[in-house]
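**Student:** If you read the sequence shown in our numbering, its first letter stands for residue 192, the second for the next number, and so on.
A single structure is presented below for examination.
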Amino acid sequence: MLSLDRQNAQREAYRAMRPAWQPATERFASLVRAHLTPESRILDLGCGRGGLVEQLGHPLVQMVGIDPDWASLREHRLPLPRAAALSEALPLASGRFDLVYASWVLEHVSDPLALLSAIERVLRPGGHFIFITPNKRHPLIALNRLLTRLGRWQTALVDRLYGRAAADTFPAYYRANDPAGLRHLATQCGFRVATLDAIPDPTYLAFNNSLFRAAIWLEEGVLR
């Protein structure tokens, strides 16, 4: 199994090799913080049990969490105002938020056009949507899409390889997961794309040193 401790150790090794590199999760958190003000009203889309909201230190009264999974909402680690709802149909007032962010959510959305339209509606003029999501062009994502045909066997394999329980494994559609497709969706929904970064991370294949080196070659030599 690729434990989080091993993956983080490999990230530090990769950072030592590429000092300018920043893991996608760190880049995501930095972007969110850069767009915060003390008065910001924030929507955590796909809030789960916690995550970035626990690091921000932002007044919870100015935040709302949305997630379709009741179990995750019940187990949220903060007293965050939250509701169970599909992201494609946000039950929220128009123009309410200064910032909407989503961490590993877009790949699970079956109708991304409806989602982005809903996000655009709840943002005030000049607001921002910041997200992190996999690139479906990556071979690991292509393999995962193929393995979904195995049903519960795929869930068991993910658990064995990455230690992710079935309760935390959700259907993935990858319908908003490539740069060209995202830019097209953004234009359709009235967004202006400020930045869209593809960030390599070879540690997802770092089950041993040989695979780690192969993943670096793949990320830097093929996918760019």
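Note that beta-carbon positions come from the ideal geometry of N, C-alpha and C, so glycine has one too.
1) Looking at C-alpha atoms only, which residue of 240, 371 and 327 is the closest neighbour of residue 274?
2) Judging by CA-CA distance, which residue of 230, 223 and 323 is the nearest neighbour of residue 246?
3) Where do the N-terminal and C-terminal ends of the alpha helix (DSSP H) with residue 407 fall, by residue?
4) State whether the stretch 257 to 274 contacts the stretch 311 to 326, with contact taken as three or more CB pairs (one from each stretch) at a distance under 8 Å.
5) Report all residues from its chain with a CB closer than 7 Å to the CB of residue 376; omit the five preceding and five following residues, and keep chain order.
6) Have a look at 260, 272 and 314 and flag the residue whose alpha-carbon is nearest the alpha-carbon of residue 299.
7) Starting from residue 319 and walking both ways along the beta strand (DSSP E), at which residues does that stretch end?
8) From 229, 334, 210 and 330, pick the residue whose C-alpha is nearest to that of residue 410; which is it?
9) Output the boundary residues of the alpha helix (DSSP H) element that contains residue 219.
10) In terms of alpha-carbon separation, which member of 196, 225, 250 and 256 lies closest to residue 238?
11) Using 8 Å as the cut-off, can you tell me whether the stretch 197 to 207 makes contact with the stretch 384 to 398, which would need three or more C-beta pairs spanning the two stretches below that distance?
12) Alpha carbons only, please: which of 208, 362, 372 and 231 is nearest the one belonging to residue 315?
13) Please name the residue or residues paired with residue 256 in a DSSP beta bridge.
14) Could you tell me which residues DSSP pairs with residue 293 in its beta bridges?
15) Hey, how far is the Cα of residue 233 from the Cα of residue 401?
16) Among 385, 332 and 391, whose alpha-carbon lies nearest the alpha-carbon of residue 226?
**Tutor:** Checking against the coordinates, here is how it stands:
1) Cα-wise, what sits closest to residue 274 is 240.
2) Minimum Cα distance to residue 246 is reached at 223.
3) Its alpha helix (DSSP H) spans residues 400 to 408.
4) When Cβ pairs closer than 8 Å are counted between the two stretches, the stretch 257 to 274 is seen not to touch the stretch 311 to 326, the count staying below three.
5) Excluding residues up to 5 positions away in sequence, 303, 304, 307 and 367 lie with their Cβ nearer than 7 Å to the Cβ of residue 376 in the same chain.
6) Selected option, being the one with the closest Cα: 260.
7) Run containing residue 319: 314 to 323, per the beta strand (DSSP E) assignment.
8) When only C-alpha atoms are compared, the closest one is 330.
9) It spans 215 to 225 - the alpha helix (DSSP H) in which residue 219 sits, taken as one unbroken run.
10) The option with the nearest alpha carbon to residue 238 is 256.
11) The stretch 197 to 207 is in contact with the stretch 384 to 398.
12) Out of 208, 362, 372 and 231, 231 has the C-alpha closest to the C-alpha of residue 315.
13) 235 and 273.
14) In DSSP, residue 293 forms a bridge with 236 and 322.
15) The straight-line gap from Cα to Cα measures roughly 42 Å.
16) Residue nearest to residue 226 within the set 385, 332 and 391 is 385 (criterion: CA-CA distance).
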